[in-house]
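Going line by line, the protein sequences match chains S and D. Take this note's numbering: the last position of the first sequence gets the number 353, and nothing is skipped along the way. Take this note's numbering: the last position of the second sequence gets the number 204, and nothing is skipped along the way. Heads up, the beta-carbon is just placed ideally off N, CA and C, and yes, glycines get one too.
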Amino acid sequence: MASAKSSGSKDTYSVILPTFNERQNLPIITWLLNRTFTEQNLDWELVIVDDGSPDGTQEVAAQLVKAYSPHVQLRPRTGKLGLGTAYVHGLKYAKGNYIIIMDADFSHHPKFIPQMIEKMKEGDYDIVTGTRYAGDGGVYGWDLKRKLTSKGANIFADTVLRPGVSDLTGSFRLYKRAVLEKLFESTDARGFTMQMALAVTAKAKGYSIGEVPISFVDRVYGDSKLGGEEIVEYAKGVLQLWWSI
Amino acid sequence: MTRAQQTISLALLVTSLYLSLYLGLIPLPAVVQEEIIPVLPLWSLVTFGAWLLVRLGWGMLTFRDTPDAYAELMEEIKLAKADLRVKGVDVD
């Protein structure tokens with residue numbers, strides 16, 4: 109892919125946003141992205157991968173494509189095919205040499221993107237990930253039970269996998285495009301354990317990962333998708349990674 | 113080398129080291145051989161468990177809440193909605 113450039117003038121940042129029923133959040137996150145990138149004078153684009161949302165997400169997305177032309181593209185799919193394949197799908201259409209992965213529901217605030225870009229340049233990291241658990245990272249909107257579950261899960265994964273990353277399940281990340289493409293080739297994991305798999309695989313392959321503390325504001329609209337079943341899936345995912353990577 | 117391979121090889125190493133002490137292959141003072149070596153595995157397990165709990169407790173104590181981030185976000189959402197309506201995007 110691209111060789112090292114001395115100035116940032118040719119860098120394009122592609123945000124891949126998988127969506128399912130995000131009609132309320134999508135316009136606002138797009139507005140925030142537009143504001144951040146415009147303020148920073150960065151070339152950007154947004155690839156929305158919608159899995160056939162029944163709530164009208166695609167209609168709103170079409171309006172955003174017009175309102176923020178030429179930065180926004182909508183690449184829909186016909187059914188709920190899952191997060192991992194959504195990223196792969198989005199990557200096909202993304203034109204940038206840097207890829208940003210994040211959630212569409214404000215838990216990940218675009219204001220941290222410039223910090224991540226800065227961090228990446230500082231240390232020439234292959235990946236920069238937002239962390240809720242280090243520095244002045246933090247969370248808003250979690251009760252004690254949720255905090256316990258999350259911290260417990262993180263300690264479990266950290267002990268079993270020793271990944272050297274403080275927030276293993278975090279999904280707010282900036283990747284060099286070539287690195288992400290390589291990782292997708294070698295990782296089979298899909299579903300929400302994919303984020304963990306990407307980080308652990310990256311470490312195993314010797315890629316460098318930098319961290320930026322972020323504040324994670326949970327679920328302004330909508331319900332959290334964390335239940336007993338997810339916890340079991342998570343534990344299985346961690347053990348599978350332990351075995352295979 | 114996978115994490116599993118790393119962990120298992122380390123475990124095997126520690127186990128053989130322990131066995132050599134347990135079977136008296138290395139001369140040790142009687143107190144150590146009789147009182148300490150036999151309980152070492154259980155003690156290690158308990159200590160490890162306690163360590164994990166300390167980490168969890170510490171994590172709970174130092175967990176940062178970010179109410180400012182929430183307040184800021186609420187303000188931004190208001191601004192965003194106003195601007196988006198002008199641009200012809202449906203917002204609630």
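Taking the alpha carbon of residue i as the reference point, which residue from the options has its own alpha carbon closest?
i	options	result
D232/S	I209/S, P218/S, N149/S, L282/S	L282/S
K227/S	S316/S, V157/S, E338/S	S316/S
L349/S	D326/S, S323/S, F324/S, T295/S	T295/S
L164/D	L256/S, V155/S, N133/S, Q148/S	L256/S
P178/S	P271/S, Y241/S, G345/S, S122/S	S122/S
D195/D	S352/S, D251/S, G314/S, I136/S	I136/S
L154/S	R240/S, F128/S, V173/S	V173/S
L291/S	V273/S, G272/S, F280/S, K311/S	K311/S
F324/S	Y195/S, H216/S, V308/S, V287/S	H216/S
G192/S	T301/S, D163/S, D326/S	T301/S
G272/S	L134/S, A242/S, I339/S	A242/S
R131/S	T146/S, W139/S, D119/S, D163/S	D163/S
A175/S	L134/S, F220/S, G204/S	L134/S
G160/S	G314/S, T186/S, P222/S	T186/S
What separation, rounded to the nearest whole angstrom, lies between the Cα atoms of residue i and residue j?
i	j	result
A212/S	V166/D	34 Å
A305/S	T144/S	29 Å
A181/D	S132/D	57 Å
F214/S	E184/D	12 Å
L141/S	P218/S	6 Å
R183/S	A123/D	49 Å
V158/D	P150/D	14 Å
I120/D	E289/S	31 Å
K190/D	N262/S	34 Å
I225/S	T114/D	31 Å
P153/D	Q145/D	14 Å
Y130/D	K344/S	31 Å
V180/S	Q303/S	24 Å
Buried or exposed: which applies to residue i, given that a residue is buried once 16 or more other Cβ atoms fall within 10 Å of its Cβ?
i	result
G278/S	buried
E319/S	buried
G169/D	exposed
Q214/D	Given a span of 113 to 204 for chain D in the structure shown, any question on residue 214/D remains unanswerable.
I322/S	buried
N149/S	exposed
R197/D	exposed
T127/S	buried
M186/D	exposed
K259/S	buried
A142/D	exposed
D234/S	buried
W351/S	exposed
I353/S	buried
So residue i and residue j are in contact, right, with Cβ under 8 Å, and what is the actual spacing, rounded?
i	j	result
D157/S	I124/S	According to the sequence provided, residue 157/S is Val. The question's Asp does not apply to it. Indeed, because the Cβ distance is near 7 Å, the residues count as touching under 8 Å.
T239/S	D275/S	4 Å
G245/S	R176/D	7 Å
R285/S	Y342/S	That pair is no contact at about 28 Å.
What residues in the stretch 138 to 151 of chain D have a beta carbon less than 8 Å from any beta carbon of chain S? none
When you check each C-beta in the stretch 152 to 183 of chain D against every C-beta of chain S, which residues fall closer than 7 Å? L164, R167, L168, G171, M172, F175, R176, D177, T178, P179, A181, Y182
Can you pull out the residues from the stretch 255 to 266 of chain S whose beta carbon lies closer than 7 Å to at least one beta carbon of chain D? K255, L256, K259, G260, I263
Cβ-based contacts, 7 Å cut-off: residues of the stretch 310 to 323 of chain S near chain D: S323
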